[in-house]
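Each residue of the sequence shown is one higher than the one before, counting from 10 in this note's numbering.
Only one structure is covered here, and it is reproduced in the block below.
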Amino acid sequence: MTDVSVPERRHAHPAFNAVLQKRASDFQLRTADKITAFAGSMSFVYLHAALFALWMVFFEKSPWPTLTLVVSLEAIFLSTFVMIGQNRQAAFASAKAAHDFSESELELKTNTELTRQIHVLTTELHRRLLADAGDGARPVTPER
């Protein structure tokens with residue numbers, strides 16, 4: 010089974026860590042995560058196959074009406090846990106998208122500032138080279 014209450018992992022996306030910490034701090038979300046993790050395992054399948062086989066063979070003379078009711082109720086609850094898992098994934102995707110957007114905006118701002126500084130330096134270098142050439146000095150040309 011997966012333990013989703015693990016504290017911040019190294020080299021994990023910050024949005025993932027934030028979602029994990031939020032889910033680990035809420036009892037209901039931790040419980041839902043544990044149920045979802047178990048319901049999505051092969052142990053769950055084996056347990057149900059064994060229980061239903063025992064029920065049909067040993068405990069009920071006519072197991073179908075009761076079994077149908079139990080399986081229907083279980084399906085309702087399991088579909089709810091699937092939706093909870095989908096909400097968890099959506100929360101992670103949303104947090105990751107917001108984090109990635111802010112990081113890319115910061116990168117764009119940094120790159121823009123660097124480009125402006127390069128432009129200023131290039132303009133100043135060009136101005137000085139032309140000024141030196143005007144003083145009679147031989148202009149420096151780049152080698153080709």
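Beta carbons are placed, not taken as given, at the ideal position from N, Cα and C, and that holds for glycine.
Predicted model only: the values in this text are computed from it and were never measured.
C-alpha gap between residue i and residue j, whole angstroms
{"i": "S14", "j": "T132", "result": "Legend: pLDDT at S14 = 49, less than 50; position of this residue unreliable, no value from coordinates given."}
{"i": "L139", "j": "V129", "result": "15 Å"}
{"i": "M92", "j": "A84", "result": "12 Å"}
{"i": "V66", "j": "N26", "result": "48 Å"}
{"i": "R137", "j": "E114", "result": "35 Å"}
{"i": "M10", "j": "S50", "result": "Reliability of the predicted coordinates at M10 is poor, the pLDDT of 45 falling under 50, and the value obtained from them is presented with this limitation in mind. When rounded, the distance between both Cα atoms is 8 Å."}
{"i": "L117", "j": "A33", "result": "34 Å"}
{"i": "A59", "j": "L38", "result": "29 Å"}
{"i": "K31", "j": "H57", "result": "32 Å"}
{"i": "H108", "j": "Y55", "result": "40 Å"}
Residue i (DSSP reduced to helix, strand or coil)
{"i": "H22", "result": "coil"}
{"i": "D144", "result": "coil"}
{"i": "S71", "result": "coil"}
{"i": "S34", "result": "coil"}
{"i": "H135", "result": "helix"}
Nonlocal neighbours in the same chain, by C-beta distance under 8 Å from residue i, ignoring five residues either side
{"i": "V28", "result": "R97, A100, F101, A104"}
{"i": "E69", "result": "T75, L76"}
When the options are compared against residue i, the one with the closest alpha-carbon
{"i": "G94", "options": "F68, Q30, F36, T45", "result": "T45"}
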